[in-house]
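Residue numbers (the numbering used here): 55 to 312.
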Amino acid sequence: MSTTVSMIRPGNTPRNPATNPDITPELRDSVARKAATAVSLLQRLVAELGGSGELTFANSFGAEDMVLTDLILDRKLPIEIFSLDTGRLPAETYTLMGEVEQRYDTRIKVYFPDATAVEQYVRTEGINAFYDSVDLRKACCQIRKVEPLRRALAGKKAWITGLRAAQSTTRTGLPVREFDAGNGLEKINPLSDWTEAEVWAYLRLHGVPYNALHDQFYPSIGCAPCTRGIALGEDVRAGRWWWEDPESKECGLHVKKS
């Protein structure tokens, strides 16, 4: 079953939760319960693993990641936060990154791709070769995302993501805790069972900043050339690598390996 965009979106509802008819008492209660559960999980992980030296959060500055950013930084949990700067992110993502650093008085640890590998890919295949085939797109993701992620996770015992099970067919049945065989450490998905409505209700209720592209109907945001807005009723991942089949729409960061 495909996942469609709900009517609760920042582009067609007011940001003020006090006047937002979509945030019902039931939704408020659900968000409060799930936020408390997520915080409890994060606190247990810190106790188990020892905090930022062993535990890190991969932040791509999408809506889900902003929920986790607020849960971690507002409570001053000792969890490292990093982001992958592929070199082709939208301007809106950089703007939000700066806003987060200013609001929470922090610095996000940023990892960049290897410059030599990027230069070789572009010289050999072309600046936008990722449009030409799935293999070339995945090769680009390998250079700009997967290799920097490996450096970011080196020496860690677990990493935290903002993945939700309902986001795509490739994430169905996503557990809260799992072993990431590809990277050799535990992977934590605290928002696995959250709905899109709950994510947006949390952001509104707590006044958390979010990527301005969400107001232009971008439910999922990655690199600028590989992301577009979607129409109401389209799958929430339809704007990511829209020229490919849904089954191939992962970048390699979250592909399970046997």
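We treat Cβ as the ideally placed atom computed from N, Cα and C, and that holds for glycine. As the structure is a prediction and not an experimental result, all values here were calculated from the model.
Check: Per DSSP, cross-strand counterpart(s) of arginine 258; Outcome: Arginine 258 is not bridged to any residue.
Check: Contact belief for leucine 323 with alanine 292 at Cβ below 8 angstroms, rounded distance in angstroms; Outcome: The first residue shown for the chain is 55 and the last is 312, placing residue 323 beyond what the model contains.
Check: N-terminal and C-terminal residue of the alpha helix (DSSP H) that serine 84 is part of; Outcome: 79-103
Check: Inside the region 155-205 only - alpha helix (DSSP H) runs reaching at least 4 residues; Outcome: 169-179, 188-195
Check: According to DSSP, residues forming a beta bridge with serine 137; Outcome: Val164
Check: Cβ pair leucine 138, tyrosine 158 closer than 8 angstroms; Outcome: no
Check: Beta-carbon spacing of threonine 123, valine 154 below 8 angstroms; Outcome: yes
Check: For tryptophan 53: DSSP bridge partner residues; Outcome: Outside the displayed span of the chain (55 to 312) sits residue 53, for which this structure offers no information.
Check: Residue environment, glycine 227, which counts as buried when at least 16 other CB atoms sit within 10 Å; Outcome: exposed
Check: Alanine 117 in three-state terms, based on DSSP; Outcome: helix
Check: Residues bridged to threonine 147 [DSSP beta-bridge criterion]; Outcome: Beta-bridge pairing links threonine 147 to no other residue.
Check: Distance CB(glutamate 134)-CB(serine 106) smaller than 8 angstroms; Outcome: yes
Check: Length of the line joining the Cα atoms of leucine 190 and leucine 203; Outcome: 19 angstroms
Check: Inter-residue spacing [alpha-carbon to alpha-carbon] between tyrosine 264 and alanine 171; Outcome: 31 angstroms
Check: Glutamate 153 - DSSP class collapsed to helix/strand/coil; Outcome: helix
Check: CB of leucine 245 within 8 angstroms of CB of tryptophan 213, strictly; Outcome: no
Check: DSSP three-state assignment for threonine 123, whether helix, strand or coil; Outcome: helix
Check: Pairwise C-alpha distance: aspartate 83 and arginine 294; Outcome: 32 angstroms
Check: Close beta carbons around valine 100, own chain, < 8 angstroms, minus the five adjacent residues each side; Outcome: Leu109, Leu131, Pro132, Ile133
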